[in-house]
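Here the sequence shown is numbered in our numbering, starting from 11 and rising by one per residue.
Virtual Cβ for every residue (Gly too), placed ideally from N, Cα, C.
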Amino acid sequence: MKGKFITFEGSEGCGKSTQSKLLYGYLKKKGYPVIYLREPGGVRASESIRNFLLNPKNKISPAGETLLYMAARAEVVNEIIKPALMAGKIVICDRFLDSTIAYQGYGLGIDVKLIKLMGEFATLGIKPNLTILLDLAVKKGLKHREFKKDRIEQRSLSYHERVRKGYLSLARKEPGRIKIIKLDDDMFVTQSKVREICHSIL
Ligand code: TMP
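Laid out in structure tokens, this is it:
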């Protein structure tokens, strides 16, 4: 693939949407051919799946939930991510396969090996060149989400602690790809760290 694939990961309220959008704006202004996506989402089918997955009224089994996240991913990879990377673009994605490993694997107890296998299928084997993991204490992150929590945010504190630990253990296993940034109270301090790391692959 000619392009570069940068993903942002982290537990709830970790600031990844803000940071990924700031990076997108910065790279665009610098003249890079860059696109921005979020997961689940990015294309119509995946946005519909997102609405279904996040609606607190819906009861979904762990297996069904895992498969739906994968289905949403397959659509956006096929329609946007793969063509963009083949055309040499920089793709910034707010969440990707690591989210399923953290939330459904470490969080819900779905076999991580199985998730990785399904992930290979859904992503067509496409892996991020760089993953920024924004790390923040779970309680602090959830404070940003006190109102109108979605189906996943409503889960217990211990669930979200497992998700965070899952991310940190993934980062330990793949230190070359996954870079941990501790969230600073000042979003511009965090952003300058994000930019510094990204420049190393651009
Ligand atoms: P976001 O609102 O942070 O963009 O993500 C949507 C929610 O979906 C968030 O609670 C994390 C969750 N999620 C999973 O549980 N598994 C996944 O594979 C993905 C991509 C997101």
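With DSSP as the reference, please indicate the residues paired to residue i in a beta bridge.
i, result
"residue 46", "102"
"residue 142", "18, 189"
Thinking C-beta only, is residue j closer than 8 Å to residue i?
i, j, result
"residue 66", "residue 59", "no"
"residue 107", "residue 15", "no"
"residue 142", "residue 204", "yes"
"residue 140", "residue 187", "yes"
"residue 112", "residue 176", "yes"
"residue 79", "residue 64", "no"
"residue 52", "residue 154", "no"
"residue 30", "residue 100", "no"
"residue 138", "residue 98", "no"
"residue 54", "residue 116", "no"
"residue 33", "residue 208", "yes"
"residue 136", "residue 183", "no"
"residue 199", "residue 170", "no"
"residue 104", "residue 27", "yes"
"residue 197", "residue 13", "no"
"residue 56", "residue 85", "yes"
Quick check: does the Cβ of residue i come within less than 7 Å of any heavy atom belonging to the ligand TMP?
i, result
"residue 22", "yes"
"residue 57", "no"
"residue 213", "Past the boundaries of the shown model lies residue 213; the chain is included only from 11 to 212, so the question cannot be answered."
"residue 79", "yes"
"residue 93", "no"
"residue 130", "no"
"residue 49", "yes"
"residue 104", "yes"
"residue 64", "yes"
"residue 168", "no"
"residue 45", "no"
"residue 109", "yes"
"residue 163", "yes"
Any C-beta of chain D sitting closer than 8 Å to the C-beta of residue i?
i, result
"residue 81", "The chain inventory of the structure shown lacks chain D, comprising one protein chain alone."
Original post:
Three or more C-beta pairs closer than 8 Å, one from the stretch 17–29 and one from the stretch 68–75: is that the case here?
Top reply: no
Original post:
What are the start and end residues of each continuous alpha helix (DSSP H) run of 4 or more residues lying completely inside the stretch 49–108, in chain order?
Top reply: 54–64, 72–86, 92–96
Original post:
If we count Cβ pairs, one from each stretch, closer than 8 Å, do we get three or more for the stretch 123–133 versus the stretch 188–199?
Top reply: no
Subject >> Runs of alpha helix (DSSP H) wholly within the stretch 148–194 (minimum 4 residues, chain order) >> reply: 148–153, 167–183
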